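Trainee: Below are the structure tokens for one structure; questions will follow.
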Amino acid sequence: MPHLPRSTGLGFKPEHFSDIMARQGAVAFFEVHAENYMGDGGAPHAMLAALRENHALSIHGVGLSIGSAGGLDPEHLARLRRLIARYEPASFSEHLAWSSHGAAWLNDLLPLPYTDETLTTICAHIDQVQNALGRRMLLENPATYVSFDSSTWAETDFLTELVRRTGCGLLLDINNVFISATNHRFDPLAYLAAFPLEAVGEIHLAGHDTEELPSGPLLIDTHGAPVADPVWTLYAQVLARTGPLPTLIEWDTDVPDFPTLLAEAARAARLLGSDAKNHSHAA
Amino acid sequence: MPHERSHAAQQSGFHAALWQTEAPAGITAPAQDEAAQRFAVYRNNVQHSLTRALAARFPVIEQLVGAAFFTAMARVFIAAQPPSSPVLLHWGGDFAAFLDQFPPVAHLPFLGDVALLEYARGRACHAADAAPVAGEALHVPDPAALRLILHPSVTLFASQHPAVQIWQSHLPQASRAALNAGPDHALIAREPDFTVIVVPTDQGTHAVLTALAEGQTLRQAASQADPTTALTLLLRHQLVTQIQTGATP
């Protein structure tokens, strides 16, 4: 099974294409949203093919709606299978969330209760995806703003059990951990202590916005700002336990110029590198 | 106490609440009186992200009606006809028909056609790849018997309104020119370097291009009008991908 390099990557933005081609190898891998490459042809595919020649590729889906009560869309799964066969990415990941309901596509990652019922449903969906794609997938922990009174599982236990039952890996989004911890008033270190880090195949880092509610802050997952300092701190703490892991900087709204993204990646690379020196390769 | 509510029911309630003002049952927050405010983040994300996706496909429509009006109109369109697939590259095919019957824009009867033009540009952007033939391929003993296969990105656009001129006048570098009355016609396609073109054509050239796109021979197409302009356009922009000789298919 291919793996992403234990180094840094960036979310690919078409406006950076010529900068990237001029500085090939400035980061080890790029990540794209699968659904942006489901047209028949044109510039997106030409750019992705060029990118793929000299970089590892992570395909990150936002469209499967794995957390839906209803079944997965077989047409979408077939599109994913074709895309993955064409580009042979080192990693495919999706979200612990739902984003479509009936015939409506909602274009957002919506939350779900953690119950025996949803665990069974999501395990079946992950089995279906892994069988259809013929590969292990990574599932990303969500950033959430509300919880459900019907939840009977802690999120970390739920993810651990998903991994145990399906053999999938996890994409640990440390910004999402910090957002959810702040929003639901729990300790992010306690969450990470309970997180099955041995299953993590990739880390995401991103920026967020802050709103103020009467009871305290509500963080919004915008991917539109530099990675916040507390998220960098958590990242270093994770690396101290895991050793170097493939690490992606996500910046999807108000996208800055390429050097700004490279500077964020370089900051991650310094933490990866200093950790590599102090850490005999346990993972 | 946890409620007995199936995931399907919970999801339906959550989904319904995205389009209403009340928060759904079953959600909780550390300060329960803030649950609705937190839920509103999801409602705003769905509305905002779909509105921006629509605006990205129809930037001139947004300019024509103004950003605030576009946002309000998008809310109606999205609630009535949300995208049916996560592949938003293909979304918006119904927007022109929506504009044609949306009473608040009845005073802008050209809006639907401008939306069709913008949709055709998006279609051209993502259409399948196909290599062009060299212009010399037309240098055969009986060129009038040839049939041309046009690039998959080609749309032959026609409007009873001055929709092409209105669209052009909203390009960043456009100069203010007086509009002529419609009908307007244009060849919309993608060149090999991925530039999407909108080339205004006269009615005769449009008729020739349409005949060629339908698989008629050059001779048949030339019965519509002088085909010189049409052929020049197709070759200059490298939009002929195959040349067929011989009997009617």
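Just so you know, the sequences run in chain order A and B.
Position one of the first sequence corresponds to residue 1 (this note's numbering), numbered consecutively onward.
Position one of the second sequence corresponds to residue 1001 (this note's numbering), numbered consecutively onward.
A virtual CB, placed ideally from N, CA and C, is assigned to each residue, including glycine.
Here the structure is a predicted model, which means the values were calculated and not measured.
Does DSSP put L57(A) in a helix, in a strand, or in coil?
Mentor: strand
Trainee: For Q1216(B), decide whether its Cβ has a neighbour in chain A, counting only Cβ atoms nearer than 8 Å.
Mentor: no
Trainee: Beta-carbon within less than 7 Å of C123(A)'s beta-carbon, same chain only, minus the 5 sequence neighbours each way: which residues are those?
Mentor: Within the same chain, C123(A) has close Cβ partners L162, R165 and T166.
Trainee: Bridge partners for F30(A) per DSSP, in chain order?
Mentor: L10(A) and L57(A)
Trainee: Does the count of Cβ pairs from the region 1165-1173 of chain B and the region 1133-1141 of chain B closer than 8 Å reach three?
Mentor: no
Trainee: Measure the C-alpha to C-alpha separation of F1070(B) and V1114(B) and round it to an integer number of angstroms.
Mentor: Cα to Cα, the separation comes out at about 14 Å.
Trainee: Hey, out of V227(A), R23(A) and V238(A), whose CA is closest to P194(A)'s CA?
Mentor: A quick correction: the sequence has Ala, not Pro, at residue 194(A). If we check each option's Cα against that of A194(A), V238(A) comes out closest.
Trainee: Using CA atoms only, rank isn't needed, just tell me which of S18(A), W232(A) and G11(A) is closest to A34(A).
Mentor: G11(A)
Trainee: Work out the CA separation of Q1244(B) and T253(A) for me, nearest whole Å.
Mentor: Rounded to the nearest whole angstrom, the CA to CA distance from T253(A) to Q1244(B) is 47 Å.
Trainee: So which residues of chain B does F148(A) contact, with C-beta pairs closer than 8 Å?
Mentor: Q1010, G1026, I1027 and T1028
Trainee: Could you check whether H1048(B) and P113(A) sit closer than 8 Å to each other, using their CB atoms as the reference points?
Mentor: no
Trainee: Report the neighbours of V1199(B) on chain A: residues whose CB is nearer than 7 Å to its CB, in chain order.
Mentor: Under the 7 Å cutoff, chain A gives no residues; its nearest Cβ is about 18 Å from V1199(B).
Trainee: To the nearest whole angstrom, what separates the beta carbons of T8(A) and A228(A), a pair I think is in contact under 8 Å?
Mentor: Contact between T8(A) and A228(A) fails: their C-beta atoms lie close to 18 Å from each other, not under 8 Å.
Trainee: Given this structure, state the Cα-to-Cα distance separating Q1220(B) from G224(A), to the nearest angstrom.
Mentor: So the alpha carbons of these two residues sit roughly 56 Å apart.
Trainee: W98(A) lies in the beta strand (DSSP E); which residues open and close that run?
Mentor: W98 to H101
Trainee: Please report the distance separating the alpha-carbon of A283(A) from that of N1044(B).
Mentor: Legend: pLDDT at A283(A) = 37, less than 50; position of this residue unreliable, value from coordinates given subsequently. Taking the straight line joining both Cα atoms gives about 40 Å.
Trainee: Opposite T1229(B) in the DSSP bridges: which residues?
Mentor: BP columns for T1229(B) are empty, so no partner.
Trainee: From what residue to what residue does the beta strand (DSSP E) around F1058(B) run?
Mentor: Run containing F1058(B): none; DSSP gives neither H nor E here.
Trainee: State the Cα-Cα distance for the pair C168(A) and L1233(B), rounded to the nearest angstrom.
Mentor: Answer to the nearest angstrom: the Cα atoms are 53 Å apart.
Trainee: Cβ atoms of E94(A) and L64(A): under 8 Å apart, would you say?
Mentor: yes
Trainee: Measure from the C-beta of P1002(B) to each C-beta in chain A and report whether the shortest distance is under 8 Å.
Mentor: Confidence at P1002(B) is low in this model, with a pLDDT of 48, below 50, so the placement of that residue is unreliable and no value is reported for it.
Trainee: Please identify the residue among G71(A), A132(A) and G102(A) whose C-alpha is closest to the C-alpha of R81(A).
Mentor: Measuring from the Cα of R81(A), the nearest candidate turns out to be A132(A).
Trainee: Whole angstroms is fine: what's the gap from E250(A)'s alpha carbon to T1155(B)'s?
Mentor: 36 Å
Trainee: Measure from the C-beta of S1085(B) to each C-beta in chain A and report whether the shortest distance is under 8 Å.
Mentor: yes
Trainee: Please check the pair S151(A) and R1005(B), which I expect to be a contact at CB under 8 Å, by giving their CB distance rounded to whole angstroms.
Mentor: Not really, about 11 Å apart at Cβ, beyond 8 Å.
Trainee: Please classify Q1101(B): is it buried, with 16 or more other beta-carbons within 10 angstroms of its beta-carbon, or exposed?
Mentor: exposed
Trainee: Does the beta-carbon distance from L1146(B) to T1217(B) come in below 8 Å?
Mentor: yes
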